[in-house]
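Each residue of the sequence shown is one higher than the one before, counting from 3 in our numbering.
All residues carry an ideal CB built from backbone N, CA and C; glycine is no exception.
The model shown is predicted, which means the values in this text are computed figures rather than measured ones.
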Amino acid sequence: MPDPTNIEWIKIADHVNEIGFASNRIGVVKVKGKQICVGKFNEQVFAFAYKCPHAGGIMADGFIDALGNVMCPLHRYKFDLKNGRNVTGEGYYLKRWPVKQEADGVYVGMDAASGFWGLFK
Ligand code: FES
């Protein structure tokens, strides 16, 4: 389990409007050389895995529904953006990272000790 006091905040944009959300409200950014998805729902920004935990569907090609769940385009499993829970009941978790919006930009938090793949649930 990552240490929540050991978060490294990595800037992904100077402003939320620079993220480049597609019409499905999902954008893709690179953090430490890896792609992650960034989704927008009710003016809140969420960071989550580029690939689906089920069979690697590209989450950036899915969409965010009216309840704030992101749906994978491959088999249509849905995940709650707030906690990564698989709300359609298949028992998976979507990897997520905390996001904060500051005056000087948008940041994604990752575990400083374990690096990019030290994930937060
Ligand atoms: S790969 Fe995403 S639901 Fe199957």
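Counting C-beta neighbours from all protein chains within 10 Å, is the total for residue i 16 or more, i.e. buried, or is it exposed?
i: K84; result: exposed
i: R98; result: buried
i: N8; result: exposed
Distance check for residue j and residue i, CA to CA, integer angstroms please.
i: L76; j: Q37; result: 18 Å
i: T90; j: A24; result: 24 Å
i: M73; j: G29; result: 14 Å
i: E92; j: A62; result: 20 Å
i: Q46; j: A114; result: 24 Å
i: V18; j: V31; result: 12 Å
i: Y52; j: M112; result: 15 Å
Under the DSSP definition of a beta bridge, which residues are partnered with residue i?
i: E124; result: Here the chain covers residues 3 to 123 and nothing more, so residue 124 does not appear.
i: V40; result: G29, A49
The region 10-27 / the region 97-115 touching (three or more Cβ pairs under 8 Å): yes
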